[in-house]
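Going left to right, the sequence shown walks through residues 3 to 108 as the numbering used here numbers them. For glycine and all other residues, C-beta sits at the position ideal for the given N, C-alpha and C. Written below as structure tokens is the structure these notes are about.
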Amino acid sequence: MDTSKLIAFASALGADNKAMMQLINTKIDNTTLMQAIEQAKTAVKADILGEGVPENLDTLKEIAQMIASMSGDTEGAVVQKLADLGRRIDEFANLDLVATYNAAKA
């Protein structure tokens, strides 16, 4: 499984944190800080959902509703996806995101 996107995500978070800390240290005004936070939230949302997600599926609730409305054996499909997710989580067990995050902050 390719973990390069997760490593890039952790690096981006570290870089964003570093930039925010520099802004805080220069005593930025509240408006500028709020804009930086909104930009970071938008970036994280895009990283979580991925590219090309329709606007009507941009929250977990909307995704769950879409799955529930699909015809067919949704229970079996959900069980299979959960099993796949379990395997992926096992692969992440040895991924050191903290080290990547700290390296990006430095």
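C-beta contact flag for residue i and residue j at 8 Å
i	j	result
Ala12	Leu99	yes
Ala106	Ala21	no
Thr102	Ile26	no
Ala14	Ala48	no
For residue i, the first and last residue of its enclosing alpha helix (DSSP H)
i	result
Gly16	6-27
Met109	There is no way to answer for residue 109, as the model of the chain reaches only from 3 to 108.
Ile39	32-51
Ala105	99-107
Residues of its chain near residue i, where Cβ-Cβ distance is below 8 Å and the 5 sequence neighbours each way are ignored
i	result
Asn104	Gly16
Thr5	Glu93, Phe94, Leu97
Alpha-carbon spacing of residue i relative to residue j, whole angstroms
i	j	result
Ala42	Glu64	22 Å
Glu40	Ala108	23 Å
Met68	Glu57	13 Å
Thr33	Ile91	38 Å
Cut-off 6 Å between Cβ atoms - residues of its own chain near residue i, not counting five sequence neighbours on either side
i	result
Glu93	Met3
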